[in-house]
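Start counting the sequence shown at 3; every next residue gets the next number (our numbering).
Where a beta carbon is used, it is the ideal one built from N, C-alpha and C, also for glycine.
Only a predicted model underlies this, so the values are computations on that prediction, with no experimental measurement involved.
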Amino acid sequence: MTDNREAVERYALDASQAHSELVQALAESPPKYPLEAYRILSGLTRSAHELPQLLELFEGGIDRLRAAGRLETDFRGASLEEKLQDFHVGLAAASEASQALERGLDQAYRAIGHVSYKETAEPEL
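This is how it looks when you write it as C-alpha cells:
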C-alpha cells in the first residue's frame, strides 16, 4: 500500500477519533456560551456537507474495481452481485441521511448565530 493510500485510511480513522473526542469533551464540558455552540456547529456542518461527495467518491472507487474485475466474494453466503447491491443501497441510504444531517445542522447553526449570551448580575451574599 502506498503512503497516499495509508493517508486516506488514516483520515477516516482520525475523523472518527475526532468525533469521539468531541463527544467526550462536550459531555465533560458543554458549551458555556452560544458562540462556542456556533463554532462547533460550524465545523460539524462543514463535515456533514462533505459526506455526500465523500460517499460518491468511495462508491466510484469500488465501481472501478468491479469494472476492472478486481472484486470477488469470500463465498460466505451471498454472491458478489448481492453484496455489491447491498453496498450501493447502504451508501444511498447513508448519502440521504447525511444530506438530512447537513440540513439540520445548518438550520441549528444559523439559528444559534442569532442567540447571544445574557450577562446577569451575581447575587449578593
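Open item on the list: Taking 6 angstroms as the limit between beta carbons, can you name the residues of its chain near Y35, skipping five residues before and five after?
Closed with: What you label residue 35 is simply residue 33 of the sequence shown in a count that begins at 1. Cβ neighbours of Y35 beyond the five flanking positions: Y119.
TODO: State the Cα-Cα distance for the pair A17 and G45, rounded to the nearest angstrom.
DONE: In the sequence shown, the residue the question calls residue 17 occupies position 15. In the sequence shown, the residue the question calls residue 45 occupies position 43. So the two alpha carbons sit approximately 12 angstroms from each other.
- [ ] Give the straight-line distance between the Cα atoms of L67 and L73, rounded to the nearest whole angstrom.
- [x] Here residue 67 refers to the residue found at position 65 of the sequence shown. Here residue 73 refers to the residue found at position 71 of the sequence shown. Roughly 6 angstroms separates the two Cα atoms.
Open item on the list: Can you determine whether any heavy atom of the ligand HEM sits closer than 7 angstroms to the C-beta of H116, and answer yes or no?
Closed with: As presented, the structure is devoid of all ligands, the ligand HEM included, so that no description of it is given.
TODO: Report, in whole angstroms, the separation of the C-beta atoms of A50 and L107, which I expect to be a contact under 8 angstroms.
DONE: The residue labelled residue 50 in the question sits at position 48 within the sequence shown. The residue labelled residue 107 in the question sits at position 105 within the sequence shown. Right, their Cβ atoms sit about 5 angstroms apart.
TODO: Mark L43 as exposed unless 16 or more other C-beta atoms lie within 10 angstroms of its C-beta, in which case mark it buried.
DONE: Residue numbering aside, residue 43 sits at position 41 when the sequence shown is read from its first letter. Buried.
Task: Helix, strand or coil at P36 according to DSSP, with G and I counted as helix - done: Here residue 36 refers to the residue found at position 34 when the sequence shown is read from its first residue. Three-state DSSP puts P36 in a helix.
Open item on the list: Restricting to runs no shorter than 4 residues, where is the alpha helix (DSSP H) found entirely within the region 31-110?
Closed with: 36-69
TODO: Taking all protein chains shown into account, decide if E8 is buried (16 or more other Cβ within 10 angstroms of its Cβ) or exposed.
DONE: The residue given as residue 8 occupies position 6 in the sequence shown. E8 should be labelled exposed.
TODO: With DSSP as the reference, label H116 as helix, strand or coil.
DONE: Counting from one through the sequence shown, the residue named residue 116 turns up at place 114. Residue state, collapsed to three classes: coil.
Open item on the list: Please tell me whether F89 and I114 are closer than 8 angstroms, where the distance is taken between their beta carbons.
Closed with: As a working note, residue 89 is residue 87 in the sequence shown. As a working note, residue 114 is residue 112 in the sequence shown. No, Cβ-Cβ distance for F89 and I114 is not below 8 angstroms.
Task: Rounded separation between L28 and A20 - CA only - done: Numbered from 1 along the sequence shown, position 26 holds the residue referred to as residue 28. Numbered from 1 along the sequence shown, position 18 holds the residue referred to as residue 20. Cα to Cα, the separation comes out at about 12 angstroms.
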